[in-house]
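Quick note: the sequence shown uses our numbering, first residue 2, plus one each step.
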Amino acid sequence: MPEFEEARQEEIRRVPNPCVVVIFGASGDLTRRKLVPSLFSLFGEGLLPEQFSVVGVARSDMDDDAFREHLKSGVDQFSRLKSDADNLWPRFSQRVFYHRGGYDDPQTFKSLGKRLAKIDKEIGGACNVLFYLSTPPGLYPVIVEQLGKAELARQKDDYWRRIIIEKPFGRDLASATELNRQVHHVFDEGQVYRIDHYLGKETVQNLLVFRFANAIFEPLWNRNYIDHVQITVSEEVGLGSRAGYYDTAGIMRDMFQNHLLQLLTLVTMEPPAEFNATALRDEKVKVLKAVQPIKPSEVNKYTVRAQYRTYRDEPGVAVGTETPTFAAIKLFINNWRWRNVPFYLRSGKALGSKVTEINIQFRHVPHLMFPLPPEEHLPPNVLGLCLQPNEGMNLRFETKVPGAGMRSRSVDMSFLYEQDFGKNTLPDAYERLILDALHGDAALFTRSDEIELAWSLIDPILEGWAGKHAPVLAFYESGTWGPGKSDEFIQADGRHWHYSCSEG
Ligand SMILES: NC(=O)c1ccc[n+]([C@@H]2O[C@H](COP(=O)([O-])OP(=O)(O)OC[C@H]3O[C@@H](n4cnc5c(N)ncnc54)[C@H](OP(=O)(O)O)[C@@H]3O)[C@@H](O)[C@H]2O)c1
2 MPEFEEARQE EIRRVPNPCV VVIFGASGDL TRRKLVPSLF SLFGEGLLPE QFSVVGVARS
62 DMDDDAFREH LKSGVDQFSR LKSDADNLWP RFSQRVFYHR GGYDDPQTFK SLGKRLAKID
122 KEIGGACNVL FYLSTPPGLY PVIVEQLGKA ELARQKDDYW RRIIIEKPFG RDLASATELN
182 RQVHHVFDEG QVYRIDHYLG KETVQNLLVF RFANAIFEPL WNRNYIDHVQ ITVSEEVGLG
242 SRAGYYDTAG IMRDMFQNHL LQLLTLVTME PPAEFNATAL RDEKVKVLKA VQPIKPSEVN
302 KYTVRAQYRT YRDEPGVAVG TETPTFAAIK LFINNWRWRN VPFYLRSGKA LGSKVTEINI
362 QFRHVPHLMF PLPPEEHLPP NVLGLCLQPN EGMNLRFETK VPGAGMRSRS VDMSFLYEQD
422 FGKNTLPDAY ERLILDALHG DAALFTRSDE IELAWSLIDP ILEGWAGKHA PVLAFYESGT
482 WGPGKSDEFI QADGRHWHYS CSEG
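Here it is, written out as structure tokens:
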């Protein structure tokens, strides 16, 4: 094997230092469905250190065995690796412990400290600790405060203490800033990993490789060649059991502030000089700063808001609620590369299918030598990046229809991950992100200034929606692609929504 390939393999197989992951809210859905199945897969692939354990903290009445049983059903259902393979589960579960206690009770944290010391003696590795906040967000400040008071956040010698904070991070700029302040009171920014699991998806990272490892597209990636960009993140499901949270949040906070703006930054940022957390996040921050905020008085012009027709019948939502479950917005980026290129972002619940796609529509050719009937244009080239499902990409371009004359037709040149790399090769986003945090690599996590900038773009829209300039709340049938208003919104600019990766 050539030397560089050996080094690369070593990098891929690199195992973090001995450590413990402490999960707060460990009796909850996320721990069972994502966090522990991901840790289990990492363990099964030999990507965790020998001296490794997990401590789950929550108030529910369980002992270690009951906790392990609860988690096993989640691993069986959701993990990439199955629990019966290679005696894996017994080997993994003996490193999993349950620590019962209230999140605001100093005693919980005092005894957690003792538990960590005991683990350090028996298994080892408890000098390096990754705390994971997986409780409802209202509890984040008190847990952070208690960790500080119990001196569990303090890093000594070469040992580290880190914290992953789940989304949502705040519900507006003021609360996000306040949460940052509270967190920074106890943890340095370098210890903090704000997670947006979208960034852990292989295909989202592939956006970076696609843009910055290929010479063919980057010269075209600007206002001279790109007519506009569309970003669609749709969900097929409706509200589910999340009424309590969702009805007070709505689509803007739930999807735009994090996932859609993250995708926007990856598509539009300048190439960082190297792939490291500071360089990458500096570029993301720069482009967010260049996004022209939609003023509250402009929301009627630049946004559409809508609700699926049966939303108000869902259990737990307020009577006559105006919470939008769908939005489409148009943004501009005021910099050299993107001046005057519109970015159409849309997202919604109860839509036609679950898909995440980015469509880049290129400009028309400057002059067409082929005769076309009056008023007819050739369809433009569209590059469709499919982030889920059917991960891959499509380039739509014109070809000649065989036979006499010069008629043309659009065809697709496609790449599918599954075809080239096989099925089930994509690790879960949480696997990648937890492993990165254990390695101390924050590149795929959101920095404090980035999160505040994102909120500063969302706040004025929410303010506008609550005021006299709000666009009328439109309604749409479940299973469609949103309200007619969404089509009219983009058609008013002489464009239409693309469905490169889904059935439109
Ligand atoms: N679930 C997901 O797919 C998902 C996806 C993205 C982000 N997130 C975020 O991840 C975090 C955890 O999600 P989750 O779905 O696992 O949450 P969850 O099941 O609602 O809550 C986790 C645990 O927190 C404790 N808890 C819940 N409500 C509480 C309250 N009012 N006071 C004190 N403790 C309470 C409960 O444990 P005890 O009663 O045993 O203490 C519960 O098992 C949330 O911030 C969520 O926004 C979740």
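No residue lacks a Cβ here, since even glycine has one placed at the ideal position from N, Cα and C. Here the structure is a predicted model, which means the values were calculated and not measured.
By the neighbour-count criterion, in which a residue is buried when 16 or more other Cβ atoms sit within 10 angstroms of its Cβ, S61 is exposed.
Selection P19, T32, S39 evaluated against S54 yields P19 as nearest (Cα-Cα). In this chain, the alpha helix (DSSP H) harbouring R69 covers 65-79. Per the C-alpha coordinates, the member of R182, F276, H100 positioned closest to F68 is H100. Contact between the stretch 403-416 and the stretch 153-165 is absent: fewer than 3 CB-CB pairs across the two stretches fall below 8 Å.
Our two residues, E399 and G423, have alpha carbons roughly 30 Å apart in a direct line. T357 sits buried, since 16 or more C-beta atoms from the chains shown fall within 10 Å of its C-beta. Residue pairing by DSSP places D413 opposite R397 in a beta bridge. Within the same chain, Cβ atoms closer than 7 Å to the Cβ of D228 are found at Q362, F363, R364, P381, the five residues on either side in sequence being excluded.
Using a Cβ distance threshold of 8 Å, I144 and Y104 count as a contacting pair. With a contact defined as Cβ atoms closer than 8 Å, A59 and A27 qualify at about 5 Å. DSSP lists no beta-bridge partner residue for L474.
Between the stretch 203-218 and the stretch 464-476, the count of C-beta pairs closer than 8 Å stays below three; the two stretches do not touch.
Contact between the stretch 293-312 and the stretch 329-336 is present: 3 or more CB-CB pairs across the two stretches fall below 8 Å. Per DSSP, the unbroken beta strand (DSSP E) holding V58 starts and ends at 53-59. Taking all protein chains shown into account, H497 has fewer than 16 neighbouring C-beta atoms within 10 Å of its C-beta and is therefore exposed. Excluding the 5 residues flanking it on each side, V238 has no same chain C-beta neighbour closer than 6 Å. Rounded to whole angstroms, N336 and K290 show a C-alpha spacing of 10 Å. The shortest CA-to-CA distance from F98 to any of S84, E51, V37, N129 is the one to V37. Looking at the backbone, the Cα of H185 and that of R410 are separated by about 57 Å. Its chain contains F170, G171, I452, E453, W456 as the residues whose beta carbon lies nearer than 7 Å to that of A177, once the 5 sequence neighbours on both sides are disregarded; these appear in chain order. Taking N395 as the centre and dropping the five residues before and after it, the same chain places the C-beta of G385, D413, S415, S501 closer than 6 Å to its C-beta, in chain order. Note that the C-beta distance between S235 and K355 is below 8 Å. Set against 7 Å, the gap from the CB of Y199 to the closest heavy atom of ligand 1 is not smaller.
Under the three-state reduction of DSSP output, N360 falls in the strand class. Under the three-state reduction of DSSP output, R347 falls in the strand class.
Here DSSP, grouped into helix, strand and coil, assigns G423 to coil. Around the Cβ of E167, a 10 Å sphere holds 16 or more other Cβ atoms; the residue is buried.
The DSSP-derived three-state label of L153 is coil. For H186, the enclosing alpha helix (DSSP H) starts and ends at 174-187. By the Cβ-count criterion, T324 is buried, with 16 or more other Cβ atoms from all chains shown falling within 10 Å of its own Cβ. Bounds of the alpha helix (DSSP H) holding F93 are 89-94. Put simply, the backbone Cα of Q78 is about 35 Å away from that of F276.
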